[in-house]
Amino acid sequence: MKEFSAEDYRFMQRAIMLAKQGHFTTSPNPRVGCVLVKDGKIVGEGFHQKAGEGHAEVNALAMAGKNAQGATAYVTLEPCSHYGLTPPCAKGLIIAGIKHVIAAMVDPNPKVAGNGLKMLAQAGISSQHGLLRQAAEDLNVGFIKQMTTGFPYVRCKLAASLDGKTAMKNGESKWITSPQARQDVQRLRAQSCAIISGADSILTDNAKMTVRWSELGELKDSYQEEDVRQPIRVIIDTKNRLTPNLALFNEHSPIILIRRTIENIHQWPHFVKQVALPVVNTLANEQQIDLPALLQYLAKLNLNDVLIESGARLAGAFIEQNLVDELILYQAPKLMGADSKSLVNMTSIESLSQAKELNIIDLRMIGKDIRITAKLLS
């Protein structure tokens with residue numbers, strides 16, 4: 002197999018940039034970009050925007066028209082080989098007369114998993130894969146994790162003062178972080194399929210837990226409001242304390258209430274679904290919803306990217322059970338004192354050797370706050 006050239010890298014980088022344009026719209030489908038090149042020039046390009054609409058290859062072929070004959074396709078994900086909401090992209094490339102395909106990565110979907118490349122080979126089309134693979138995988142961490150493990154990719158958002166406090170002793174917390182940091186959280190919500198929170202947080206803040214279009218800043222220049230998804234709001238309410246008059250239920254995007262038992266079905270709006278999940282005993286001898294079972298349930302709904310926005314106890318429980326992939330911490334230049342409420346509650350850590358290790362992958366200023374992005378090391 003021939004080595005990738007500088008030109009190959011350049012065109013695949015273009016395909017990856019195209020794929021990023023679907024960052025807030027493609028779920029549950031992966032973000033994919035495609036570039037068609039003939040005689041060293043781009044003759045067609047495209048990206049996948051929404052489930053049920055044209056895949057990246059289809060859009061690129063439409064742009065290229067007859068110029069696709071004899072071209073090389075650079076695609077960030079192996080062309081699909083199965084019939085879903087749309088026909089197989091591999092078949093479309095074959096019909097168009099593409100002569101060579103370079104894929105950044107093999108599709109982890111068991112329905113594809115190399116079959117797209119095999120279909121191309123059977124039609125006499127040569128292919129390579131692995132060019133800028135890591136960059137392509139970074140585009141679709143949720144899709145990949147759901148396909149390979151049956152769990153979604155879980156981000157946990159936290160906000161605190163420099164001394165690690167999230168609220169005053171009396172519960173006052175508005176606002177610790179800057180408007181710019183809160184706007185950045187809207188971006189996190191918009192890229193998520195679901196937001197998990199607890200009844201305590203909803204009752205304390207009377208929160209809606211939605212994406213606020215008015216606070217998406219420059220993203221509004223690239224997307225239409227109707228194209229940016231509202232994540233499903235998943236609220237853990239084991240004691241059945243939530244009532245329909247809360248602000249949470251004023252926004253008509255889907256809500257899943259996680260409870261021990263399903264009660265009073267007819268009192269809830271049509272967009273609210275109650276789900277009963279098993280309860281387990283925690284290390285602190287408290288009863289808690291089975292969090293791994295919850296994540297597996299969400300993955301089966303194709304909710305690949307999940308954001309946790311909750312209080313210290315629920316966030317701590319997810320972290321304690323090694324269920325968080327990525328932590329995003331906003332730290333404000335404030336000191337709130339020893340009596341204020343702490344960032345996370347983790348009851349099982351009794352010695353430094355049990356402390357949760359993090360790998361910081363990004364550190365930057367958001368307004369006057371620091372945003373730390375870290376991967377949790379299990």
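In case it helps, my numbering puts the sequence shown at residues 2 to 379. Using N, Cα and C, we set each Cβ at its ideal position, and we do this for glycine too. The structure displayed is predicted, hence computed values, not measured ones.
Per DSSP, the unbroken alpha helix (DSSP H) holding G143 starts and ends at 142-150. Within the segment 81-150, the complete beta strand (DSSP E) segments of 3 residues or longer fall at 101-104, 127-130, listed in chain order. Note that the C-beta distance between V33 and V76 is below 8 Å. Counting only the Cα atoms, K51 lies some 20 Å from K92. At the C-beta level, T178 and Y84 stay beyond 8 Å of one another. Residues I259, L278 of the same chain have their beta carbon placed closer than 7 Å to that of L295, with the five preceding and five following residues left out of the count. Under the three-pair Cβ rule at 8 Å, the segment 154-165 does not count as touching the segment 351-361. Excluding residues up to 5 positions away in sequence, I95 lie with their Cβ nearer than 6 Å to the Cβ of A124 in the same chain. In this structure, I256 lies near L249, with their beta-carbon atoms less than 8 Å apart.
If the five residues before and after S174 are omitted, its C-beta is found closer than 6 Å to the C-beta atoms of A168, all from its own chain and listed in chain order. Listed in chain order, the non-local C-beta contacts of D228 below 8 Å within the same chain comprise F25, T26, Q50, K51, local neighbours out to five positions each way being set aside. Short of 7 Å from the beta carbon of N30, and not among the five residues preceding or following it, lie these beta carbons of its own chain, in chain order: H49, A52.
Straight-line measurement puts the Cα of L304 at about 21 Å from the Cα of A208.
The count of Cβ pairs closer than 8 Å, one atom from the segment 191-203 and one from the segment 364-374, stays below three, leaving the stretches out of contact. Under the criterion of beta carbons closer than 8 Å, A300 and G151 qualify as touching, at roughly 6 Å. For the set C35, K3, E264, the Cα lying nearest the Cα of A16 is the one of C35.
If you ignore the 5 residues before and after S343, its C-beta comes within less than 8 Å of the C-beta of G165, K166, T167, A313, all in its own chain and listed in chain order. M64 is positioned such that its CB atom lies no closer than 8 Å to that of G41. For A182, the enclosing alpha helix (DSSP H) has its first and last residue at 180-191.
Between L132 and A105, the CB-CB gap stays under 8 Å. Pairing I203 with L159 gives a Cβ-Cβ distance that is not under 8 Å. Residue pairing by DSSP places V307 opposite V155, A195 in a beta bridge. Rounded to whole angstroms, the separation of the alpha carbons of A57 and I126 is 19 Å. At a Cβ-Cβ threshold of 8 Å, Q289 and V276 do not count as neighbours. Remark: C-beta atoms of N68 and K39 approach each other more closely than 8 Å. Nearest to R134 by C-alpha distance, out of M120, M210, L78, G98, is L78. A Cβ-Cβ distance of about 12 Å is found for the pair V113 and H130, leaving them out of contact under the 8 Å criterion. Between the alpha carbons of K357 and Y298 lies a gap of roughly 26 Å. Here Q187 really is in contact with R213; their C-beta atoms are around 6 Å apart, less than 8 Å. Scanning its chain for C-beta atoms nearer than 6 Å, with the 5 sequence neighbours on each side dropped, one finds around Y154 the residues V142, G143, K146, D306, D326, in chain order. K240 and R183 have their C-alpha atoms roughly 30 Å apart.
Of the other Cβ atoms in all chains shown, fewer than 16 fall within 10 Å of the Cβ of S379; this residue is therefore exposed.
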